[in-house]
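Protein chains in written order, with this note's numbering: chain A, 8 to 379; chain B, 67 to 321.
Below: one structure, written as structure tokens.
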Amino acid sequence: MNVATPSVEVTGDDGSVRLAGEWTLAGLQGRLPSLRQRLTRASAGARTWDLSGVQRLDTLGASVLWRTWGERLPETLIADEALRGMFAAVSVLGPRPPAAPDRASIPGRIAGLGRRGLGALSQMLGVVGVLGQAALDLVHLARRPQDAPLRELSANLYKTGVSALPITALVGFLIGIVLSYLSALQLKNFGADVFIIDILGIGITRELGPVLVAVLVAGRSGSAMTAQLGVMRVTEEIDALATMGVPAGLRLVLPKVLALLITMPLLVAWTSSAAIAGGMVAAAFQLDMSFGFFLDTLPRVVPLANAWIGLAKGLAFGMTIALVACHFGLNVKPNTESLSENTTRSVVSAITLVILVDAVFAIATRNMGMPG
Amino acid sequence: MKPVIEVSGLVTRFGRQTIHAGLDLAVLAGEVVALVGGSGSGKTTLLRQIVGLLRPASGEVKVLGQPVLSGDPLADRALRRRFGVLFQQGALFSALNVFENIAFPLRELRWLDRDTVRDLVMVKLAMVELEAQHAWLMPAELSGGMVKRVALARALALEPELLLLDEPTAGLDPDRSAAFVELIRRLRQQLGLTVVLVTHDLDTLAALATRVAVLGERRILAYGTLEHVMAQDHPFIRGFFALDRMERALARARS
Ligand SMILES: Nc1ncnc2c1ncn2[C@@H]1O[C@H](COP(=O)(O)OP(=O)(O)OP(=O)(O)O)[C@@H](O)[C@H]1O
Ligand SMILES: [Mg+2]
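Have a look at this one:
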């Protein structure tokens with residue numbers, strides 16, 4: 008594209024200024040600072056501005072000239088109707104407001120810190136709110152069982168449970184191998200080979216299995232739940248459901264919470280079994296321990312209470328993840344930035360809360376399920 | 067005059083469904099071409115082909131003398147900066163407020179300073195009759211008509227030579243539609259703009275269009291001045307421009 012160069016020329020000694028060329032975005036590219044300087048210099052004593060040589064003028068050219076003239080037309084302006092129309096369009100530009108002072112002050116920062124704390128508190132309350140609503144919905148279902156969202160529940164069972172089986176088994180098995188291998192190296196030094204079964208049995212069923220599954224499910228299903236609810240908020244689908252008389256809590260939140268309550272304990276049992284199998288394989292290689300011996304000893308050294316504790320943790324973690332995911336999903340603001348932010352926060356908060364709940368479990372069950 | 071848009075032998079397919087079968091269209095510089103056709107006839111799809119969002123199954127699309135999909139990223143980008151697009155649903159960036167939406171293409175140029183960008187955005191807002199305080203609203207807080215106008219302001223941000231508008235006046239009240247018509251007229255006069263617009267609004271069409279293209283049966287059924295198109299004997303054309311309705315619109319446009 009050939010563009011006529013914009014130019015500024017002071018003619019005669021009466022200080023009239025002649026402009027020519029293309030005063031457009033394309034014409035001004037790369038020339039704006041130098042032209043601005045020339046304009047400012049020329050405008051010092053100029054009364055007459057001759058724009059008859061200007062071929063094209065767009066909003067950029069017009070607003071640059073308008074600013075040079077101090078937000079008004081010059082006394083004498085030689086320009087045709089089209090150019091004057093352009094200046095009429097930029098005449099909305101008033102004097103520039105003074106730059107606002109920015110940078111947070113120290114009290115401002117302290118206030119910001121407080122606001123964040125309050126924000127975290129209100130998020131916690133929000134999660135409790137989702138729990139309360141789910142409980143109310145359950146009561147409603149007890150009275151009107153025909154409203155039960157069975158299709159949604161079964162879809163969620165499949166998505167959070169069945170389709171998670173391969174990945175949880177794989178991760179569990181590999182962690183079992185690693186744990187068993189590293190422990191065996193140490194135990195061999197002390198000749199305490201048989202204790203590998205105690206370590207794996209108690210460690211995995213009671214602690215590692217549930218936490219591992221919780222992390223996987225929070226990343227897999229929790230994020231998916233938040234994103235789904237969030238997109239439904241962005242596209243106003245939740246509003247559309249509400250106008251059809253379909254309550255979002257009953258149809259969207261409750262099936263997710265129930266599904267995780269059912270699948271999480273099962274996934275914990277499944278993953279813990281895979282991890283113990285992995286540990287057993289590694290023990291066979293490392294310590295020459297036969298499968299038969301391993302399986303015989305396991306129930307004798309690991310009290311059954313540990314399995315129950317593991318399953319109970321599965322229940323608690325599942326509920327935590329689902330409630331957090333739904334809370335953040337329902338609180339997405341209708342824009343993409345908020346969607347991505349809430350999905351991240353959902354996963355991070357879910358995992359953090361799971362660890363907290365795990366600590367509570369550790370204290371509450373400290374007298375249960377220990378051998379001897 | 068050289069054509070600004072040249073579409074030749076365009077074929078568009080989605081799976082087994084054919085939307086355009088050998089469609090030809092040429093738009094000359096300075097024209098305002100109105101694209102009309104039934105719902106689902108492929109008007110939006112044709113615009114998407116013209117701006118290079120879709121790749122034709124066969125045929126060629128040239129804009130401003132260059133193929134839209136040249137394969138050279140730099141050339142493609144330079145070409146895209148020379149036209150402005152208004153999407154049917156607005157397609158505003160939901161995470162940015164109105165001001166930032168309009169400023170975005172300007173900042174992408176990387177050579178305009180902050181104050182200049184601010185001035186340009188404010189002028190564009192005034193052009194589409196939005197007030198300065200609307201600049202700080204988020205897209206989700208706008209009415210449907212306001213979304214259209216912000217999207218138009220954004221399409222105008224880079225002072226395009228070619229403007230492609232998908233139903234620009236749908237959702238605007240009659241006053242605003244008239245103001246829109248006035249705005250496009252003025253821009254055309256000042257900047258020599260070429261415009262292709264999809265519209266169902268007979269008033270806008272009668273007031274603005276230098277030529278009308280009727281899309282149907284997977285091709286252009288008729289293309290010419292409004293009088294020429296109205297004289298065609300085709301069931302869709304007769305239905306669309308139900309003559310009495312059209313005469314009223316023409317009378318309004320002339321008054
Ligand atoms: N991405 C896509 N995949 C499959 N089919 C599509 C896609 N986009 C459009 N279509 C189909 O192409 C046809 C034309 O769609 P298009 O959006 O171009 O219609 P239109 O003429 O703009 O209609 P309207 O006036 O209602 O906006 C429709 O039948 C639509 O279903
Ligand atoms: Mg369309």
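Where a beta carbon is used, it is the ideal one built from N, C-alpha and C, also for glycine.
Within 8 Å, strictly: CB atoms of residue i and residue j
| i | j | result |
| --- | --- | --- |
| A/VAL364 | A/THR327 | yes |
| A/GLY115 | A/VAL61 | no |
| A/THR167 | A/LEU223 | no |
| B/LEU145 | B/GLN155 | no |
| B/THR291 | B/ALA100 | no |
| B/VAL194 | B/PRO205 | no |
| A/ALA49 | A/GLY34 | no |
| A/GLN319 | A/ILE203 | Checking the sequence shown, residue 319 of chain A turns out to be Ala, not Gln. Cβ distance not < 8 Å, so A/ALA319 and A/ILE203 don't count as in contact. |
| B/ARG130 | B/VAL70 | A quick correction: the sequence has Leu, not Arg, at residue 130 of chain B. Yes, the Cβ-Cβ distance between B/LEU130 and B/VAL70 is below 8 Å. |
| A/LEU67 | B/GLU225 | yes |
| A/GLU348 | A/PRO262 | no |
| B/GLY118 | B/VAL134 | yes |
| A/PRO217 | A/VAL308 | no |
| B/LEU287 | B/VAL280 | yes |
| B/THR276 | B/VAL73 | no |
| A/THR18 | A/TRP56 | no |
| A/ALA141 | A/VAL238 | no |
| A/ALA332 | A/ALA357 | yes |
| A/LEU257 | A/ASP154 | yes |
| B/ALA87 | B/LYS68 | no |
| B/ALA192 | A/VAL361 | no |
| B/LEU120 | B/THR110 | no |
| A/LEU207 | A/ILE182 | no |
| A/ALA282 | A/LEU192 | no |
| A/ALA89 | B/GLN199 | no |
| A/PHE94 | A/ALA69 | yes |
Per DSSP, cross-strand counterpart(s) of residue i
| i | result |
| --- | --- |
| B/ASP127 | This sequence places Val at residue 127 of chain B; Asp is not what is there. Answer by DSSP bridge pairing, in chain order: B/VAL73. |
| B/VAL280 | B/VAL102, B/ALA288 |
| A/THR18 | A/SER23 |
| A/VAL61 | A/GLY28 |
| B/LEU89 | B/LEU76 |
| A/PHE335 | For A/PHE335, which the question treats as bridged, DSSP gives no partner whatsoever. |
| B/LEU231 | B/LEU152, B/LEU263 |
| B/THR84 | B/ARG79 |
| B/GLN132 | B/VAL129 |
8 Å contact criterion, which residue i and residue j should meet: CB distance rounded
| i | j | result |
| --- | --- | --- |
| B/VAL261 | B/ARG254 | 7 Å |
| A/LEU42 | A/VAL15 | 6 Å |
| B/VAL102 | B/GLN115 | Contact flag wrong, Cβ pair sits at about 17 Å. |
| A/ALA225 | A/VAL354 | 5 Å |
| B/GLY150 | B/ALA221 | 3 Å |
| A/GLY179 | A/GLY285 | 7 Å |
| B/LEU158 | B/ALA217 | 6 Å |
| A/ARG240 | A/VAL339 | 5 Å |
| B/ASP232 | B/LEU113 | 6 Å |
| A/THR212 | A/ALA329 | Between A/ALA329 and A/THR212 the Cβ distance is about 23 Å, and since that is not below 8 Å, they are no contact. |
| A/GLY321 | A/LEU274 | 7 Å |
Residue i (DSSP reduced to helix, strand or coil)
| i | result |
| --- | --- |
| B/GLY137 | coil |
| B/GLN154 | coil |
| B/ARG79 | strand |
| A/VAL364 | helix |
| B/VAL264 | strand |
| B/TRP202 | helix |
| B/TRP177 | coil |
| A/LEU207 | helix |
| B/PHE307 | coil |
| A/THR83 | strand |
| A/TRP277 | helix |
| A/TRP73 | helix |
| A/LEU294 | helix |
| A/LEU42 | helix |
| A/GLN153 | helix |
Residue i: CB within 7 Å of a non-hydrogen atom of ligand 4
| i | result |
| --- | --- |
| B/THR182 | Inclusion of ligand 4 in the displayed structure is not the case, the ligand content consisting of ligand 1 and ligand 2 alone. |
- Contacting positions in the stretch 338-350 of chain A - beta carbon closer than 8 Å to chain B: For the stretch 338-350 of chain A, which is checked against every Cβ of chain B, the residues closer than 8 Å are LYS340, PRO341, ASN342, THR343, GLU344, SER345.
- In chain order, what residues of the stretch 177-201 of chain B put their CB closer than 9 Å to some CB of chain A? Those would be TRP177, LEU178, ASP179, ASP181, THR182, ARG184, ASP185, LEU186, MET188, VAL189, LYS190, LEU191, ALA192, MET193, ALA198, in chain order.
- Item | Positions along the stretch 207-227 of chain B whose CB lies within less than 7 Å of some CB in chain A | LEU224, GLU225
- Could you name the residues of the stretch 83-95 of chain A whose beta carbon sits closer than 7 Å to any beta carbon of chain B, in the order they occur along the chain? ALA89, GLY92, MET93
- Item | Where the stretch 255-283 of chain B meets chain A: residues whose CB sits under 9 Å from a CB there | The stretch 255-283 of chain B vs chain A, Cβ under 9 Å: GLN255, GLN256, LEU257, GLY258.
- Task: Check each residue of the stretch 246-264 of chain A: if its Cβ is closer than 8 Å to any Cβ of chain B, include it; give the result in chain order.
- Result: Here the close residues number zero.
- Interface residues of the stretch 142-176 of chain B facing chain A [CB-CB below 7 Å]: SER160, ALA161
- Given a limit of 7 Å on CB to CB distance, which residues of the stretch 201-223 of chain A reach chain B? Contact residues of the stretch 201-223 of chain A toward chain B are absent (C-beta to C-beta distance below 7 Å).
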